[in-house]
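Below is one structure; the comments refer to it alone.
2 protein chains.
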Amino acid sequence: MSETTLLERLRERGWRVTPQRRAVAVALEGDHVHLTADEVHRRAREVRPEVSLATVYNTLNEMVAMGEIAEVRYAPGPSRYDPNVGHTPHHHLLCKVCGALFDVDAHAVADLQLPVADRHGFTVDAVEVTFRGTCPDCLAAA
Amino acid sequence: MSETTLLERLRERGWRVTPQRRAVAVALEGDHVHLTADEVHRRAREVRPEVSLATVYNTLNEMVAMGEIAEVRYAPGPSRYDPNVGHTPHHHLLCKVCGALFDVDAHAVADLQLPVADRHGFTVDAVEVTFRGTCPDCLAAA
DNA sequence: GTATATGCAAAGCATTTGCATTAAA
DNA sequence: TTTAATGCAAATGCTTTGCATATAC
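Heads up: the sequence lines are chains A and B, in that order.
By our numbering, the letter at position 123 of the first sequence is numbered 123, and the numbering carries on one by one without gaps.
So our numbering is basically just the index in the second sequence, starting at one, shifted up by 142.
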């Protein structure tokens with residue numbers, strides 16, 4: 001899907017790579033589900049039990065500041081982190097019951113333009129579509 | 143724009159109307175900006191200084207549960223509340239600098255369908271488009 | 001009159017920060 | 001060796017809750 005790994009991209013930016021940061025980067029990758037800081041922490045601990053939650057937050061915030069991942073907060077509850085930003089253009093599929101968030105390939109969705117008359121003086125540089133619905137798990141549970 | 147007021151709709155649902163709740167409902171109406179609980183509290187206090195923040199939260203949560211307003215959390219920081227949900231179909235214009243959120247009429251944006259093949263087993267019942275950019279105020283400040 | 005909303009203050013999460021210690025480069 | 005990252009624990013900010021009192025219906 002993507003040619004380079006998150007870790008490689010970060011290293012290229014001159015990022016200092018520690019075992020903790022490696023564990024965080026690896027925890028985020030691969031999945032098309034977006035994890036909370038706490039879930040990242042749990043996963044990172046499976047590899048490096050000494051990773052602290054504070055370090056997870058610090059690391060995630062840096063990655064966001066670099067634009068390598070995005071913080072998304074569509075449902076109540078804690079923030080989630082999207083590692084596929086800027087590399088694979090995509091939109092989101094949100095379960096309104098459990099808050100789970102999946103990616104959708106951008107090619108599945110038409111490009112959108114907002115007419116200048118409706119821009120309220122904004123400049124627009126990204127468009128993001130969220131499909132709200134119910135995920136298979138919650139459908140089964142209902 | 144809408145034929146009935148938020149307060150009228152709530153009363154029709156058999157809601158018990160108190161001065162505090164009236165103040166919260168009025169604070170939310172009319173605007174195309176989405177307020178935080180704290181901002182709603184400040185506005186409600188201008189009319190009824192004894193309204194407590196706890197009551198504002200309780201009231202907003204009830205309105206959300208009834209589907210009369212929506213909680214939106216696109217940017218870091220506190221939740222914001224969208225009173226125009228379900229009545230005036232619309233999308234969002236988000237300032238990535240200051241987090242301000244405006245409404246855009248749905249007619250300005252084409253309807254979108256997600257192909258079944260890309261639905262990952264979800265049912266989809268709403269589509270929401272967010273245009274990310276920079277608002278006039280932040281442009282001026284830059 | 002009765003059920004329900006209120007304010008207050010305390011509790012509960014999510015997230016950030018200060019600081020002494022440790023480790024990457 | 002230098003500069004920056006770590007863990008811990010305390011602090012902060014947003015939101016919810018418990019409970020005694022007040023009030024809409």
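The C-beta atom is built at its ideal place from N, Cα and C for all residues, glycine as well.
Asked, Found
"Quick one: Cα of Ala242 of chain B to Cα of Leu236 of chain B, how far?", "6 Å"
"Note down the Cα distance separating Val239 of chain B from Thr276 of chain B, rounded to an integer number of angstroms.", "6 Å"
"Which runs of the alpha helix (DSSP H) spanning at least 4 residues fall entirely within the segment 26 to 66 of chain A, listed in chain order?", "37 to 47, 53 to 66"
"Within 10 angstroms of its Cβ, does Arg21 of chain A collect 16 or more other Cβ (buried), or is it exposed?", "buried"
"Measuring alpha carbon to alpha carbon, tell me which of B:Ala207, B:Gly219, B:Arg190, B:Glu270 ends up nearest His92 of chain A.", "B:Glu270"
"Report the residues of the segment 117 to 134 of chain A with a CB closer than 9 Å to any CB of chain B, ordered along the chain.", "Ala117, Asp118, Arg119, His120, Gly121, Phe122, Thr123, Val124, Asp125, Ala126, Val127, Glu128, Val129, Thr130, Phe131, Arg132, Gly133, Thr134"
"Mind checking which residues open and close the beta strand (DSSP E) that includes Asn270 of chain B?", "Residue identity differs from the one stated: residue 270 of chain B is Glu in this sequence, not Asn. Per DSSP, Glu270 of chain B belongs to the beta strand (DSSP E) from 265 to 276."
"Would Asp180 of chain B pass as a contact of Pro220 of chain B if the rule is Cβ separation under 8 Å?", "yes"
"Any Cβ of chain B within less than 8 Å of the Cβ of Pro19 of chain A?", "no"
"Would a check of beta-carbon distances place Glu171 of chain B closer than 8 Å to chain A?", "no"
"Using only the alpha-carbon positions, how far apart do Asn203 of chain B and Arg11 of chain A sit?", "44 Å"
"At which residue ranges does the segment 236 to 263 of chain B contain complete beta strand (DSSP E) runs of 3 or more residues, listed in the order of the chain?", "243 to 247"
"Considering just the uninterrupted stretch of the alpha helix (DSSP H) at Arg158 of chain B, what are its terminal residues?", "Where Arg158 of chain B is concerned, there is no enclosing alpha helix (DSSP H), given that its DSSP letter is neither H nor E."
"Comparing the C-beta of Thr175 of chain B with each C-beta of chain A, is any distance below 8 Å?", "Reading the sequence as shown, one finds Val at residue 175 of chain B and not Thr. Not an interface residue."
"Suppose contacts are defined by Cβ-Cβ distances below 8 Å. Is Ala25 of chain A in contact with Val47 of chain A by that definition?", "no"
"So, with DSSP's three-state summary, where would you put Ala140 of chain A?", "helix"
"Does Glu150 of chain B come out as helix, strand or coil in the three-state DSSP assignment?", "helix"
"Could you spell out where the beta strand (DSSP E) holding Arg80 of chain A opens and where it closes?", "80 to 82"
"With a threshold of 8 Å between beta carbons, is Leu53 of chain A in contact with chain B?", "no"
"For a cutoff of 8 Å on Cβ pairs, would you count Arg73 of chain A as touching chain B?", "yes"
"With 8 Å as the threshold, decide whether the Cβ of Val104 of chain A is near any Cβ in chain B.", "yes"
"Could one say the Cβ of Ala212 of chain B lies closer than 8 Å to chain A's Cβ atoms, at least one of them?", "no"
"How long is the line joining the alpha carbons of Ala70 of chain A and Arg185 of chain B, rounded to whole angstroms?", "33 Å"
"Residues of chain A with a CB under 8 Å from the CB of Pro218 of chain B: which are they?", "Glu71, Arg73, Ser79"
"Out of curiosity, what's the CA-to-CA distance linking Phe244 of chain B and His176 of chain B?", "7 Å"
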